[in-house]
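This report concerns only the one structure given below.
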Amino acid sequence: MKLKNPYKDKKWFKYLGNKYVWVLLFFVVWMLFLDNYSYFDHRFLDEQINELHDNKKYYQEEIKKDQEQIKQLKNPEQIEKYAREKYFMKKDSEDIYIIQFEGDTIPEKE
2 MKLKNPYKDK KWFKYLGNKY VWVLLFFVVW MLFLDNYSYF DHRFLDEQIN ELHDNKKYYQ
62 EEIKKDQEQI KQLKNPEQIE KYAREKYFMK KDSEDIYIIQ FEGDTIPEKE
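Right under this line is the structure:
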């Protein structure tokens, strides 16, 4: 007596029994998960590339700002203005008053 497979006439069984389907399935799983150039690795690397491009744009803008500031600082009047604003420098005959408002400082913890 020969046993008959009850699923042999089903459509999905015909696809799963095909060796080309198994090869294709293996290839897809390999390319998505296991390969060095897998889809998920590419997504991760693309995100890093986009982040690096954003950083590049930011630093190029900062370089442009610094170059403009360097051009301005070639003028002696601008150097004096910069020193007064950033480093609170003064001439010998001047008095400087630094005004701080309540919301400008961080409260000290006791």
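Mapping of the sequence shown onto the numbering used here: residues 2 to 111, in sequence order.
Glycine included, C-beta positions come from ideal geometry on N, C-alpha and C.
Since I believe Tyr40 is in contact with Met32 (beta carbons under 8 Å), could you give me their beta-carbon distance rounded to a whole number of angstroms? Here residue 32 corresponds to residue number 31 of the sequence shown, with the count starting at 1. Here residue 40 corresponds to residue number 39 of the sequence shown, with the count starting at 1. The Cβ separation is near 7 Å, so the contact holds.
Expressed to the nearest angstrom, what Euclidean distance is found between the alpha-carbon atoms of Tyr38 and Ile50? Numbered from its first residue, the sequence shown carries residue 38 at position 37. Numbered from its first residue, the sequence shown carries residue 50 at position 49. If I take the Cα positions, the gap works out to 15 Å.
Gln101: first and last residue of the uninterrupted alpha helix (DSSP H) it sits in: As a first step, residue 101 is located in the sequence shown; it is residue number 100 there, counting from the start. No alpha helix (DSSP H) contains Gln101, which DSSP labels as neither H nor E.
Quick check on the DSSP output: the alpha helix (DSSP H) that includes Trp23 runs from which residue to which? Translated into the one-based positions of the sequence shown, residue 23 becomes position 22. Taken as a continuous stretch (DSSP letters only), the alpha helix (DSSP H) holding Trp23 covers 20–30.
Taking the continuous alpha helix (DSSP H) assigned at Ser75, which residues delimit it? Walking along the sequence shown from the start, residue 75 turns up at place 74. Before going further, note that residue 75 is Lys rather than Ser in the sequence given. Neither: Lys75 is in no alpha helix (DSSP H) and is coded neither H nor E.
Just verifying my parser: in three-state terms, what is the DSSP assignment at Asp96? Here residue 96 corresponds to residue number 95 of the sequence shown, with the count starting at 1. Note: Asp96 maps to coil in three-state DSSP.
Please go through the same chain and pick out, in chain order, the residues whose beta-carbon is closer than 6 Å to the beta-carbon of Asn76, but skip the five residues on each side of it. Position 75 of the sequence shown holds residue 76. Within the same chain, Asn76 has no close Cβ partners at all.
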